Every structure is written in structure tokens, then in C-alpha cells.
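Keeping their order, the protein sequence lines are chains A and B.
Here the first sequence is numbered in our numbering, starting from 1422 and rising by one per residue.
Here the second sequence is numbered in our numbering, starting from 2 and rising by one per residue.
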Amino acid sequence: MPKITYIEHGGKKHTVDAPLGTTVMENAIRNGVPGIVAECGGACACATCHVHVDEAWKEKVGPPSPMEEDMLDFAFDVKPTSRLSCQIKMTDELDGLVVHTPAQQG
Amino acid sequence: MSKAPTSEPINTDAVIIGAGPIGLFAVFELGLLDLKAHVIDILPKPGGQCAELYPEKPIYDIPGVPVISGEGLVEKLLQQIKPFSPQFHLGERVESLTRQKDGSFWLATDIGTVIEAKVVVVAAGGGSFESKKPPLADLADYEGKSVFYLVRRIEDFRGKRIVVAGGGDSALDWTLNLAPVAKSLTLLHRRDQFRAAPDSVSKMKALVAEKKIAFELGQLHSLEGEGGKLSRVVARREDKSTFPLEADVLLPFFGLTMRLGPVANWGLKLEDGLIAVDTEKFQSSEPGIFAIGDINTYPGKLKLILSGFHEAALMAQAAAKVVNPDKRIVFQYTTTSTSLHKKLGVS
């Protein structure tokens, strides 16, 4: 089973099992990882599941879609590695993915 | 702070806080039992999250409706509750809720509407929609003095040095509306693209070209000032370098988020920020105050619209007993009851 590691703003790490096809947001919520709110439940409509993808994973994860890029306008501390975690689906290639949660979602 | 009452209190059986799908369906269930309802919502339109967060997203788990959009569901619910003529108070936030000596409730909204009701139904979903606050140090010191999330009177901003942050419709609209009165106006956004009406974007760009306003690429970094009086907004570029913007006022527009809001101050028993209820009446720890939909919690709770509908039906039975303690409730089906048909206007 692929794994994701979430690193909180304060540095605390959470590594969880992430079934193929599930989103990075869903796995955070299911495992009670703090720092991801996901107010809209994964509709790419609220920007409260914002994460910074670890530099080492930036290429594999890829850039946000145009709609997601638009939603990122409503997030804070947006970086070139910013993604909405509800829009990242787990694949075998992403096994071991590391994402950082921002200081504040909204 | 709620303002002084602007008119005589409104008297009604039930006040429903929240005009989302569950609040709307509560009108129906209360209506079948002859209870009149007023509905209050902070958003300017009914529908709650369905309208604000996912109007176009399909919902697949409404029984008997294989697929419907958030907007579509709200439309159907409004049609369904029309026979009960609910009174809506939109764009208002309930600030205070107190119990009166006779056991009924007294509610006041932020714009001064006062309602007296025998029962209160909290159907506030994830709480009230409020502006997202940027994560800036000492932000609270400046809020209401130099940092504002909405513009009530354009005149208040005359002659000010204004920084508008954001790239959506609100940011663009207020940039255009405040430009004529501002001493200076800078629009700060993280990229040179805007998720706003194309017409507003071209108008904004024209103002920039005429040097009537400035546009800066960057994100909010920090505030400088004293005693809540802003002097500079410091912005950060993508390369992490910072630059100052002289400012008296900052208007951040980063959309809305849900917060529990004043509900937390009403003395109701909360569990993890949700209102604890029983599963017979969906009543809170305060008799006569019910909570249905996403805002409540109980063992086994599922945050589903269909669960909220069920909760509304049971809540209505209990609410009817509070409003009319001596009246026996005869359980009836909408398929066959002539008295229900009359209420629904289908007889």
C-alpha cells in the first residue's frame, strides 16, 4: 500500500497508508491529520486543503490544473509547490509522497 | 455588537438559523404540523453550502433522485416549502439568543432584526460563512480599525491609502469601486491572472495603465503600524524578497470559510465544536433549542443531507409539542391525508 507523509507547520510528521486512487486530502481526514480542513469535502471549491508538496516530489506530483490554480488564489502562503490536496490522487508512483501543511488554512 | 432593534419584534413559532438544505426542509416538516417559521442566514441567498460551495457539483445520494446539483436541490426545496410561506432574513447573522421568562426565545441579528420564537432550530451546517483571515502577526489589533473584510460605506474610505489583497471578484469589484475615492490604491495579488469577471479585469487593467491605481505581484507578509493604525503593508514576492506598500487600510479578499461563530456563546453543550443532541428529538442541552444537519453530533452521526432531512422530521414532532403542549399530534401521510393536502395546496 502506498504511503504519504504529512509534515505539519511545526514539524510533526504523520505517515499514513494511502490506497491507490484516493486523494491526499481524503487520507489526511481519514487519519485525523491536523492542518487540512477540506471544508467543501473535495469539490475544489474552498482552498482549505492547501499543501506544499515537498520539493523532492514536485515533478512527480505535477502542477495544479487551471481550476485548481484559480482556487489557490483563496489560499494563503501560496508557493510554486502549492497544490490542493483534494486534487492529488494516489498512484504507485506517488508511494512515499511528502507534503507540508501550511500554518493556516483560512 | 448587535445594533438596537430597528422595529417591533417579529413573533413566530419557530426560528430556523441557516437556510441550507436542512434548514429549508425544516420549514416543510414544521409546516406540516402548522408551525410557522422564519429563516435567518448570513449569506445573501438561500442554499447554504449547496449554493456557496458546490452549486454545480452533482449530488448522488438524495433518495429517489439519482443525480442533482447543489443549486438544483435548493431550487426544488424552495419549491417544496413554498406553500408554507417561510419568511427569509438573508444577509443577517444571529448575534444573540436568550430565553425569556415565559420560556420563549429572543433573537437579535447583526442588523437589528428581533424575533421572538417559541422554538429555535439551529441548522447552521459548518457554522456561519465568514471572510478568511490572512495569517499575519497582530492581525487582530488592526481588524475593524485598519483591516476590513467588507465595505459598508465607500465614503469611509475617501482620501485613504488602500491596499486590496486578492484576485477574485470581491477584490476586483472593490478595487474598481474604491479607486475614485482613494488617495492611492494598490491591488496586491500573487499572479497576473484573476478569477473574476473579465470585464472587471479589463477595467482594472485600464486604471493601472492610466496610473490611477497600482498593481503589485505578491502576497501579504506582515503589517506595520501602531495601536491598530496601519502605516505599511509588507508584501512578499515569489522569490521571498519583501517590499512595503504605504497604507492606511488593508482589505483582504480571500473568500469565505465556515466558523461556528456566535452559536458557541449560547450556552449549548458542545462536543468537538458541534451541538450535542439526542436522537429522539434532536434537541440540544437547552429545551426548545434544536440542532439538525451538519452542526449537530450524536453517536453514529453521518454528515449527509439525507440524515439532516430525517432529523428535521423528528425535530418537528418535538417542536410541535413545545409550541402547542396541549395539542395531540396525529401522525399523517402526505399521500393520503386531506388535511395535509390542504396545507400543501394540492387538494
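Positions of the beta carbon are idealized from the N, C-alpha and C atoms, including for glycine.
Remember, predicted model here, so these are calculated numbers, not experimental data.
At least one CB of chain A lies nearer than 8 Å to the CB of K58/B. Neighbours of E1460/A across chain B, judged by C-beta separation under 8 Å: L54, G127, T258 and M259. Residue-level contact check: K46/B does not touch chain A, since none of the beta carbons of chain A fall below 8 Å from its beta carbon. For a Cβ distance threshold of 7 Å, residue set P136 of chain B lies close to Q1525/A, ordered along the chain. DSSP lists no bridge partner for F1497/A.
Residue-level contact check: C1507/A does not touch chain B, since none of the beta carbons of chain B fall below 8 Å from its beta carbon.
Each of L98/B, V120/B and K161/B was checked against the Cα of G268/B, and the nearest Cα belongs to L98/B.
Put simply, the region 54 to 65 of chain B does not touch the region 34 to 45 of chain B. Fewer than three CB pairs are less than 8 Å apart. In the displayed model, K1434/A falls within a strand according to three-state DSSP. Of the candidates G21/B, E9/B, L34/B and I23/B, the residue whose Cα lies closest to the Cα of A320/B is L34/B. Taking 8 Å as the threshold, the shortest C-beta distance from F149/B to chain A does not fall below it. For a Cβ distance threshold of 8 Å, residue set F1495, F1497 and G1527 of chain A lies close to K133/B, ordered along the chain. For A1449/A, no CB of chain B lies under 8 Å from its own CB, so it is not counted at the interface with that chain. Among the residues of chain B, those whose CB is under 7 Å from the CB of T1469/A are T258, following chain order. Closer than 9 Å at the C-beta level to chain A, one finds these residues of the region 182 to 195 of chain B: H190, R191, R192, Q194 and F195. Looking at the DSSP output, W107/B bridges to T99/B and E117/B.
Judged by DSSP secondary structure, T176/B falls outside any beta strand (DSSP E) and instead within the alpha helix (DSSP H) spanning D170 to L179. Taking 8 Å as the upper bound on Cβ-Cβ separation, chain A lies near residues E239, F255, G256, T258 and M259 of the region 229 to 261 of chain B.
L246/B places its beta carbon 8 Å or farther from that of I214/B. K322/B has no beta-bridge partner at all, per DSSP.
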